[in-house]
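**Student:** Quick one: this structure, given as structure tokens, is what I'll be asking you about.
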Amino acid sequence: MRTRELTVSAAMAGRTVESILRQEFEMAASRIRRLKRSERGILLNGVRVSTKACVAGGDVLRVETGDDPPRPTAAPAPFPLDIVYEDEDIIVLNKPAGIAVQPTREAAEVTLEHALAAYLPQGEVAHPASRLDRGTTGLMTVAKSGYVHELLRRRMHTEAFRREYRGVAVGTPDPPAGRIALPIGFYEGSSYQRAVRVDGAPSLTEYETLAVHDGFSLLRLVPHTGRTHQLRLHMAEIGHPLAGDFLYGTEDRERIARPALHSCELWLVHPLTGEPLHFVCPIPEDMRKLMGMD
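So the sequence shown is numbered by the working numbering: it starts at 779 and just counts up by one.
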């Protein structure tokens, strides 16, 4: 069982165990309730204690972090995974185009969750922390426990967990760089397609034109919020949809068989060790060809 340990500082003395769990360990109330039921879920100096107990300087608080409640899991199905980084808590992988992250309505379809179920040891469950659309390639992060997933989710779109994309758009944006702040909600009558709506969730995208070639522009795209289809929809709304985007632009399978979007760079402060991590994933061949880079 994975655990976390903290030595109480003088500044923390007098606080309750629950206060430490909530603020220092960033644990949700539901997780704390589960820990309270475990024989060794919460130990202070090696002894099981109530969350109402007060701590003193020098005390050692140890808690279990792998006590996830049962959840539906995808059946194991072998699929080659391009793993960029892995440790006890997270996996960073390079996702190919054409594979969904989560199980779909097609029961026989293999997704990344099926592949991760086959890859991980029995008892470990994949928790994708940064999902990518079926057609989007590149870096994405997977937590090996619900607790680490919670920590990653809280850090998303901060300096502790941020991503940068490359996209190929139709035409040339004017101005060549800027910010798009348009609220996003569901398209009327659809449970999948998104639209800009006055009652939508606040959404912010930063873009920068890096190169222009043959009617296309290579863009640096930075999502400052994490709405579904955000980058695709925002670029379409300013008149420059991503090449090959069948939903928000024009499908053109002769040029590219997917929306031209790639998760190329990831900065992550490890949620448990505090180690700064940085990964770069080169632009894939189909996007390079659009820009005359090959």
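By construction, the Cβ of each residue, glycine as well, lies at the ideal position given by its N, Cα and C atoms.
Computed from a predicted model, the values in this text were never measured in an experiment.
#1: On the three-state DSSP scale, how would you describe L898?
#2: Go ahead and label E891 buried or exposed: buried means 16 or more other beta carbons lie within 10 angstroms of its beta carbon, across all protein chains shown.
#3: For S923, name the three-state secondary structure that DSSP assigns.
#4: Hey, would you say D911 sits closer than 9 Å to L1039, going by beta carbons?
#5: Just to confirm my understanding: we take V974, look at its own chain, exclude 5 residues before and 5 after, and list those with CB closer than 6 Å. What are they?
#6: Which partner residues does C832 have in the DSSP bridge list?
#7: Distance check for E902 and M1071, CA to CA, integer angstroms please.
#8: According to the Cβ coordinates, are V795 and A831 closer than 9 Å?
#9: Check whether the Cβ atoms of S908 and L929 lie closer than 9 Å to each other.
#10: Where M805 and S968 are concerned, what is the direct C-alpha to C-alpha distance, given to the nearest angstrom?
#11: Smallest Cα separation from L999: which of L1046, D992, G993, L1011?
#12: Taking the alpha carbon of A979 as the reference point, which residue from Y970, Q1008, F994 has its own alpha carbon closest?
#13: So N872 and C1042 are supposed to be a Cβ contact under 8 Å. How far apart are they, rounded?
#14: Between the beta-carbon of G956 and the beta-carbon of Y985, is there less than 9 Å?
#15: Assuming the contact rule is C-beta atoms closer than 8 Å, R780 and G844 should be a hit. Round their C-beta distance to whole Å, please.
#16: Rounded to whole angstroms, what's the CA-CA distance from T1006 to G824? Just pull it up for me.
#17: Spatial neighbours of A989 within its chain, please: CB distance less than 8 Å, with the 5 preceding and 5 following residues excluded, ordered by chain position.
**Tutor:** A quick look at the data gives this:
#1: In the sequence shown, the residue the question calls residue 898 occupies position 120. It is coil, neither helix nor strand.
#2: Here residue 891 is taken as the residue at index 113 of the sequence shown, counted from 1. By the neighbour-count criterion, in which a residue is buried when 16 or more other Cβ atoms sit within 10 angstroms of its Cβ, E891 is buried.
#3: Mapped onto the sequence shown, residue 923 falls at position 145. Judged by DSSP in its simplified three-state form, S923 adopts coil rather than helix or strand.
#4: One-based indexing of the sequence shown puts residue 911 at position 133. One-based indexing of the sequence shown puts residue 1039 at position 261. It is a contact, given that the beta carbons lie within the stated cut-off.
#5: Reading the sequence shown from its first residue, position 196 is the one you call residue 974. By the criterion of a C-beta distance shorter than 6 Å, V974 is surrounded in its chain by L960, E1015, once the five residues flanking it on both sides are discounted.
#6: Within the sequence shown, residue 832 is the residue found at index 54, counting from 1. DSSP output for C832 lists T794 as bridge partner(s).
#7: To locate residue 1071, count along the sequence shown from 1; it is residue 293. To locate residue 902, count along the sequence shown from 1; it is residue 124. Distance between the alpha carbons of M1071 and E902 is about 41 Å.
#8: Taking the first residue of the sequence shown as 1, we reach residue 795 at position 17. Taking the first residue of the sequence shown as 1, we reach residue 831 at position 53. Their beta carbons are under 9 Å apart, which means V795 touches A831 by this criterion.
#9: The count along the sequence shown starts at 1 and reaches residue 908 at position 130. The count along the sequence shown starts at 1 and reaches residue 929 at position 151. Here S908 is not near L929, since their CB atoms are 9 Å or more apart.
#10: Here residue 805 corresponds to residue number 27 of the sequence shown, with the count starting at 1. Here residue 968 corresponds to residue number 190 of the sequence shown, with the count starting at 1. Linking M805 to S968 through their CA atoms gives a straight-line distance of about 35 Å.
#11: Counting from 1 along the sequence shown, the entry for residue 999 is found at position 221. Closest by alpha carbon: L1011.
#12: As a working mapping, residue 979 is identified with position 201 in the sequence shown. Ranked by how close their Cα comes to the Cα of A979, the residues Y970, Q1008, F994 have Q1008 in first place.
#13: The residue you call residue 872 lines up with position 94 of the sequence shown. The residue you call residue 1042 lines up with position 264 of the sequence shown. The pair is not a contact, with the Cβ atoms about 10 Å apart (cut-off 8 Å).
#14: Reading the sequence shown from its first residue, position 178 is the one you call residue 956. Reading the sequence shown from its first residue, position 207 is the one you call residue 985. For G956 and Y985, yes; Cβs fall inside 9 Å.
#15: Locating residue 780 in the sequence shown gives position 2, counting from the first residue. Locating residue 844 in the sequence shown gives position 66, counting from the first residue. The pair is a contact, with the Cβ atoms about 4 Å apart (cut-off 8 Å).
#16: As a working mapping, residue 1006 is identified with position 228 in the sequence shown. As a working mapping, residue 824 is identified with position 46 in the sequence shown. C-alpha of T1006 to C-alpha of G824: approximately 45 Å in a straight line.
#17: Position 211 of the sequence shown, counting from 1, holds the residue named residue 989. Scanning its chain for C-beta atoms nearer than 8 Å, with the 5 sequence neighbours on each side dropped, one finds around A989 the residues S995, L996, M1069, in chain order.
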